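Read through the structure below, which is laid out as structure tokens, and then see the notes.
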Amino acid sequence: MKILGIESSCDDTSVALIEANNDHFEILAEKTASQIDIHKVYGGVVPEIAGRKHAEAIVPLIEEVTRGEKPEVIAVTAGPGLVTGLLVGVEAAKNLSYLWDVPLVRVNHIEGHIYSVLLGSQSDRAPLHFPALCLIVSGGHTELVFMKDHGIYELVGKTRDDAAGECFDKVAKLLELDYPGGPKISKLGIEGDTGAISFPRPMIDSDNFEFSFAGLKTAALYWLRDNKLSAIDDFCASFEQAIVDVLVTKTIRAAKEYHPKTVILSGGVSANKKLRESLGENVNGLGVEFRTPELKYSMDNGAMIAVAGHYHALKQKFTSWRDIQVDPNWKIYN
Ligand code: KG4
Ligand code: ZN
Numbered sequence: 041m042k043i044l045g046i047e048s049s050c051d052d053t054s055v056a057l058i059e060a061n062n063d064h065f066e067i068l069a070e071k072t073a074s075q076i077d078i079h080k081v082y083g084g085v086v087p088e089i090a091g092r093k094h095a096e097a098i099v100p101l102i103e104e105v106t107r108g109e110k111p112e113v114i115a116v117t118a119g120p121g122l123v124t125g126l127l128v129g130v131e132a133a134k135n136l137s138y139l140w141d142v143p144l145v146r147v148n149h150i151e152g153h154i155y156s157v158l159l160g161s162q163s164d165r166a167p168l169h170f171p172a173l174c175l176i177v178s179g180g181h182t183e184l185v186f187m188k189d190h191g192i193y194e195l196v197g198k199t200r201d202d203a204a205g206e207c208f209d210k211v212a213k214l215l216e217l218d219y220p221g222g223p224k225i226s227k228l229g230i231e232g233d234t235g236a237i238s239f240p241r242p243m244i245d246s247d248n249f250e251f252s253f254a255g256l257k258t259a260a261l262y263w264l265r266d267n268k269l270s271a272i273d274d275f276c277a278s279f280e281q282a283i284v285d286v287l288v289t290k291t292i293r294a295a296k297e298y299h300p301k302t303v304i305l306s307g308g309v310s311a312n313k314k315l316r317e318s319l320g321e322n323v324n325g326l327g328v329e330f331r332t333p334e335l336k337y338s339m340d341n342g343a344m345i346a347v348a349g350h351y352h353a354l355k356q357k358f359t360s361w362r363d364i365q366v367d368p369n370w371k372i373y374n
């Protein structure tokens with residue numbers, strides 16, 4: 041089955057054409073237009089600018105990826121995300137569905153991140169083994185979700201305030217590092233001492249699976265106000281370790297309670313080396329399979345939307361172009 045995936049929920053316009061064969065996925069073509077250089081100037085994503093840039097990029101990207109070839113299914117991100125971006129992707133998908141007479145599938149962005157572990161060389165390790173415990177960490181989300189089967193999700197815990205990526209980005213801004221700051225903090229911290237500053241580990245011992253990162257951001261702000269920043273590498277390493285410790289401790293505790301066959305780490309922050317390594321070691325220590333996307337697919341991309349769309353298409357879960365709507369707050373669990 042040939043599926044066209046369209047993603048435009050944040051600051052990347054991304055389109056991919058994949059061939060799905062049972063649980064194996066081959067990428068036939070993919071193109072992404074990143075807006076990071078534009079939003080960098082403002083220190084974060086500006087919704088109005090994002091919408092305009094998606095609108096400029098989307099048709100040429102679809103043209104380049106499809107080269108006139110009609111897919112069998114069109115999968116598009118309908119939420120969660122910025123409404124200005126979602127509308128562009130959904131309108132494009134809707135028009136193509138009508139013009140080509142091709143069925144349309146609505147995909148949740150978070151679900152796309154979960155399915156990103158089936159892309160690239162990892163495709164050889166398909167299918168997913170259920171139940172799976174999924175930690176999705178990005179600029180907008182920090183969620184632990186228990187996935188019982190394709191399309192069946194239960195919320196285990198989420199952040200009460202800032203997302204992990206948002207915390208990285210806000211603290212990076214305090215350090216006057218460019219947006220998105222997560223990768224920059226991580227790079228600066230490579231040689232640093234993780235124990236140099238004792239940042240708080242919010243909610244690490246709470247008897248639930250919720251997260252909170254706003255306090256950590258404030259602790260970083262106060263530390264910078266009250267101390268002279270002489271070693272930025274130590275600061276970054278200590279701060280990064282605090283986030284990694286909370287994410288790993290709570291995910292492992294949830295794994296012990298929920299007994300998944302697989303633990304999945306995905307979303308933009310899954311590109312963090314320390315987090316991948318630490319969670320991977322701890323999960324394998326429990327005798328549980330650990331999966332995380334190839335670095336390239338940890339970021340927002342159209343291919344992961346196509347893969348998630350494939351599983352909906354198998355169940356004939358199509359939406360008519362007449363009815364499709366965006367939902368900026370769409371949740372995959374009840
Ligand atoms: O999933 P994504 O591309 O977009 C959203 O859906 O939000 O995630 C982007 C987030 C940003 O907050 C960025 O700082 C963070 O992922 N990020 C990282 C790293 N690479 C990207 N955070 C920590 N360490 C990294 N290496
Ligand atoms: Zn994302």
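The sequence shown begins at 41 in my numbering and counts up one residue at a time. Heads up, the beta-carbon is just placed ideally off N, CA and C, and yes, glycines get one too. Keep in mind that this is a model prediction, so the values were computed, not measured.
In the structure shown, the three-state DSSP call for Asn341 is coil. Here Lys71 carries a strand assignment [DSSP, helix/strand/coil]. Cβ neighbours of Ile272 within its own chain (closer than 6 Å, five residues either side excluded): Leu228. The Cβ neighbour count for Asn62, taken over all protein chains shown within 10 Å, is under 16; the residue is labelled exposed. In the DSSP annotation of this structure, the continuous segment of the beta strand (DSSP E) that includes Gly197 starts and ends at Ile192 to Lys198. Counting along the chain, Arg165 sits inside no beta strand (DSSP E), nor does DSSP assign it H or E at all. Counting only residues of its own chain and dropping the five nearest sequence neighbours on each side, Thr332 has a CB closer than 6 Å to the CB of Leu305, Ser310 and Arg316.
The DSSP-derived three-state label of Leu215 is coil. For Gly45, the enclosing beta strand (DSSP E) has its first and last residue at Lys42 to Glu47. Under the rule that a run must span 4 or more residues, the alpha helix (DSSP H) segments found entirely inside the stretch 294-370 read 313-325, 335-338 and 342-354.
Taking Glu280 as reference, the option from Asn148, Lys313, Val86 and Glu329 with the minimal CA-CA separation is Lys313. In this model, Lys301 and Leu256 are separated by some 32 Å (Cα to Cα). Contact fails between the stretch 357-370 and the stretch 164-177, because fewer than three Cβ pairs, one in each stretch, are under 8 Å apart. Boundaries for Ser238: no beta strand (DSSP E) harbours it, and the DSSP string shows neither H nor E there.
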